[in-house]
Amino acid sequence: MASFSNPFSFESNTANFASSTSAGSFVFGSSAVNSSSALGFRKKERIDKRRNKCRTSSPLHTSDAIGTLSAEQAPSGIVSFKAKSDGEKKPLSNSPLPLTMVTRILNGIPQSPHFYQLRNYSELTRNNLISAWDRIFEETVIEIHSLQAMDFWIRAKRLWKTIEELQNLGYNVIALRRRLVDLGDIMTELKLFQFQIKGLKTKAENHRMENNRLLSLIENLQALAKKEEDCMDSKLIEATKLENELPKFDAAFAKLAIKPI
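Anchor point for the sequence shown: position 96 equals 471 in this note's numbering, and the numbering is continuous, going up by one each time.
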């Protein structure tokens with residue numbers, strides 16, 4: 376602002392100097408004052424325009440330009456607010472009644488459901504439905520604790536659907552989903568182990584049948600070997616008998632050899 380005060384001081388000094396000179400000099404001084412004054416006003420006007428432009432482009436002065444979500448677009452049933460210049464927040468006039476964000480702990484799990492789907496019901500109906508969904512959450516936890524391996528997949532399918540419905544209402548179902556996933560992993564490993572056991576038993580049965588076949592074959596071979604052994608023994612006995620008769624041939628040969636011709 377000091378740069379704007381100097382021209383005006385110069386104009387007043389010029390006017391005083393012109394008034395102390397001749398008439399022609401006074402006219403010159405007066406025109407100089409007018410010219411310098413016009414130049415100073417134009418500079419000030421340009422600076423004011425630049426300042427106004429900076430104010431309008433600054434995010435601190437564009438609260439009206441910030442978009443707000445309608446009640447239908449607001450996530451988790453939260454009603455949008457529009458900022459006012461004095462810093463207060465006021466619900467949009469065309470928004471439906473905001474849903475009460477009730478924070479509770481169910482089965483040791485912090486919950487902040489939004490119940491956005493229940494926004495069009497009356498307060499009494501909405502409160503009754505909220506209580507019912509709280510009971511459903513607690514019953515779901517109890518049912519998860521009572522799961523058994525033999526019927527896990529059938530019951531888990533129903534539980535997944537219930538958990539999805541609870542999640543759509545804003546319930547914190549992370550622990551429930553994690554527990555079902557962990558149980559499902561165990562059941563998957565159990566299924567793999569059962570499949571491996573079944574495969575090993577099938578292979579064991581095949582080996583048993585092959586063993587029986589070989590034992591049967593061995594028995595048949597042993598019987599055949601026994602038969603061949605008996606035949607061998609009988610032949611050896613016959614051969615021994617014949618060997619015992621060999622000396623008579625020697626005696627007959629010798630007798631015939633010395634007999635006169």
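Using N, Cα and C, we set each Cβ at its ideal position, and we do this for glycine too.
Presumed contact (8 Å Cβ cut-off) between F512 and L555, rounded CB distance: Contact flag wrong, Cβ pair sits at about 14 Å.
Whole-number beta carbon distance between L493 and L504, since they are thought to touch under 8 Å: Contact between L504 and L493 holds: CB atoms are separated by about 6 Å, below the 8 Å threshold.
Unbroken alpha helix (DSSP H) run spanning Q486, endpoints: No alpha helix (DSSP H) holds Q486; the beta strand (DSSP E) holding it covers I484 to Q486.
One or two residues paired with R479 in a DSSP bridge: Q486
Exposure of G545, with buried meaning 16 or more beta-carbon neighbours within 10 Å: buried
Between the CA atoms of Q486 and N547 - distance to the nearest angstrom: 6 Å
Pair within 7 Å by beta-carbon distance, T515 and T537: In contact: T515 and T537 (Cβ atoms closer than 7 Å).
Length-filtered (3 minimum) beta strand (DSSP E) runs lying within the region 545–631: none
Alpha-carbon to alpha-carbon, E613 and A598: 23 Å
Range covered by the alpha helix (DSSP H) that runs through R494: Segment: none, R494 is in no alpha helix (DSSP H) and carries neither H nor E.
I529 to K566 span [Cα, whole Å]: 15 Å
Environment of H489 [buried if 16+ CB atoms lie within 10 Å]: buried
Buried versus exposed, by CB contacts within 10 Å (16 or more), T437: Because the pLDDT of T437 is 34, which lies under 50, any placement of that residue in the model is unreliable, and the question is left without a value.
Coarse secondary structure for A507, derived from DSSP in three states: helix
Spatial distance of E498 from R479 (CA atoms): 18 Å
CA nearest to the CA of H520, picked from L551, N495 and Y491: L551
Continuous alpha helix (DSSP H) stretch holding A531: start and end: F527 to N543
Euclidean distance between Cα positions of F568 and W508: Pairing F568 with W508, the inter-Cα distance amounts to about 39 Å.
Neighbour-count burial assignment, L534, 16 or more Cβ in a 10 Å radius: buried
Cβ neighbour criterion (16 or more within 10 Å) applied to A531: buried
Inter-residue Cα distance where the pair is L592 and N581: 16 Å
Inter-residue Cα distance where the pair is R553 and D560: 10 Å
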